[in-house]
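Q: Residue numbers (this note's numbering): 343 to 410.
All C-beta atoms, glycine included, are put in the ideal place defined by N, C-alpha and C.
I'd like to ask you about the structure that follows.
Structure, rendered in structure tokens:
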């Protein structure tokens, strides 16, 4: 299950970044022959934030930090 409420309240990113997260998480899931799950979205989100030159840590992901 994907916690869209958590994602929308926790992270403020542009539409282009959202698109990148969706595409990257889809590729991650496909590489595992799996459906897109919260772990894929969070890993893609972490990558997208780092790509923007921002520092990100596990603490930024709160209750879902264990998935990173």
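Report the CB separation of residue 390 from residue 363 in whole angstroms; it is logged as a contact under 8 Å.
A: About 5 Å; that satisfies the 8 Å criterion.
Q: For the alpha helix (DSSP H) containing residue 405, name the first residue and the last one.
A: Note, residue 405: premise wrong, no alpha helix (DSSP H); not H, not E.
Q: Pick from 370, 393 and 375: whose alpha carbon is nearest that of residue 383?
A: Selected option, being the one with the closest Cα: 370.
Q: Have a look at residue 356 and residue 365 and give me their C-alpha separation to the nearest angstrom.
A: Taking the straight line joining both Cα atoms gives about 14 Å.
Q: Pick out the complete alpha helix (DSSP H) segments inside the stretch 349 to 386, 4 residues or longer, and give them in chain order.
A: Runs found: 357 to 373.
Q: Quick check on DSSP: helix, strand or coil for residue 343?
A: Looking at residue 343 - three-state DSSP - the assignment turns out to be coil, as it is neither helix nor strand.
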